[in-house]
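Quick note: the sequence shown uses the working numbering, first residue -12, plus one each step. Here a beta-carbon is modelled for each residue, glycine too, at the ideal position from N, C-alpha and C.
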Amino acid sequence: MIARPAAVFDSGVGGLSVAREIRHALPSEHLLYFADTAFCPYGDRTLHEVRARTLSAARHLESRGAKALVVACNTASGAALELLRETLSIPVIGLEPALKPAVAASRNGRVGVMATSGTVRSDRFRRLVENYAGDRHVVAQPCPGLADMVEDGLLEGDALAARLDELTEPLRAAGVDTVVLGCTHYVFVRDAIARALGPGVELVDSGPAIARQTRRVLAERGMLEEAGEGSIRFLTTGDPRDVGPVMERLWGAPLVAEHVDVPTAELPEAWRTPPPAAAAR
Ligand code: DGL
């Protein structure tokens, strides 16, 4: 019998930071990584667009036999997790900025969150802050353009340092001692972010927790592969000649990126949002 893969989905290459943790924690699993590169970044898209693309990708992965879906994208999780859980028949594991552990780790009670504009304005993020911030001061910093730099393979250098200097200024001014990397892309520029924030600031991301959660969900359903060598395939809606080399660099091993066309699905009536001008952009 051919083992069913666990799918890992992101708008682009950022979710590879999560796939890496899953591969490490669950080496016998067969993974199917999906980058919706042709529609990346999601962070600047409308709620409607992010929902529609996330649903389209998820249905595509389910139709390829995925046994579970890991939404390795904070923006897509913030916009569409409930929609996916309502629509798909496979378990869906979502991601949210690691605010809870960051609040617990902070010594001075000032916590920063770097995330996409879409994540910062989402209801899910608002609820996260309401539930976990307590009396801590949370500074949420949208980071337009940062995921694009990672997509372009710009992982170091002056242009990145200059952009990070601007983006982290409000966090430095607020004196935060802990910062959540609330977008899976940012994990790949962790060192540059740490340099921009200055010494003594701890960075927290959700990757390891998602790998543990994936194990729990698969084990509960008797779907966990525990023997044999796992594998990973890489799919992109973009041009593999551009995306492949960046993926390979981030993954740290030779790989083949395969192109897939995934048309945008209609959203179920109840999930349609007002036209773009009125939607929460
Ligand atoms: N990697 C995605 C996240 O975790 C978003 C990047 C984007 O498409 O804007 O939020």
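Taking residue i and residue j to be in contact with their CB atoms under 8 Å, please state how far apart those CB atoms are, rounded to whole angstroms.
i: N61; j: T171; result: 7 Å
i: G98; j: V125; result: Reading the sequence as shown, one finds Val at residue 98 and not Gly. Contact holds; Cβ gap of about 5 Å.
i: V58; j: F112; result: About 15 Å; that fails the 8 Å criterion.
i: L19; j: A53; result: 6 Å
i: E216; j: S15; result: 7 Å
i: D244; j: G231; result: First, the residue type needs correcting, since residue 244 is Ala and not Asp in the sequence shown. Rounded, the Cβ-Cβ distance is 4 Å, consistent with contact.
i: M136; j: R159; result: No, M136 and R159 are not in contact; Cβ-Cβ is about 20 Å, not under 8 Å.
i: S(-2); j: G65; result: Not confirmed; about 12 Å, so no contact.
i: F21; j: L222; result: 5 Å
i: H47; j: R259; result: So it is not a contact: roughly 20 Å between Cβ atoms.
Is residue i buried or exposed, if buried means 16 or more other CB atoms sit within 10 Å of its CB?
i: E49; result: buried
i: P129; result: buried
i: S43; result: buried
i: E73; result: exposed
i: A134; result: buried
i: G30; result: buried
i: I(-11); result: exposed
i: P255; result: exposed
i: R10; result: buried
i: G169; result: buried
i: A55; result: buried
i: G121; result: exposed
For residue i, which three-state DSSP category applies?
i: P129; result: strand
i: R113; result: helix
i: M210; result: coil
i: E253; result: coil
i: E216; result: coil
i: T223; result: strand
i: L141; result: coil
i: G99; result: strand
i: E245; result: strand
i: I80; result: strand
i: V166; result: strand
i: A85; result: coil
i: D(-3); result: strand
i: W258; result: helix
i: V188; result: coil
i: P263; result: Unreliable positioning characterises P263 in this predicted model, as indicated by a pLDDT of 47, which lies under 50. The coordinate reading is nonetheless provided below. In this structure, P263 counts as coil in the three-state DSSP scheme.
Just to confirm, does residue i get its C-beta within under 7 Å of one of the non-hydrogen atoms of the ligand DGL?
i: A314; result: The structure shown does not extend to residue 314, since the chain spans only -12 to 268, so no value can be given for it.
i: A109; result: At residue 109 the sequence reads Ser, which differs from the Ala that was named. Incorrect: S109 has no Cβ contact closer than 7 Å to the ligand DGL.
i: T62; result: yes
i: D192; result: no
i: G99; result: no
i: D139; result: no
i: Y29; result: yes
i: S(-2); result: yes
i: H35; result: no
Give a yes or no on whether 8 Å exceeds the smallest Cβ distance from residue i to chain D.
i: V90; result: This model lacks chain D altogether, as it is built from one protein chain only.
Is there contact between the stretch -3 to 5 and the stretch 204 to 216, where contact requires at least three CB pairs shorter than 8 Å?
Verdict: no, contact absent.
Could you tell me whether the stretch 179 to 192 touches the stretch 155 to 169, where touching means 3 or more Cβ pairs closer than 8 Å?
Segments in contact, yes.
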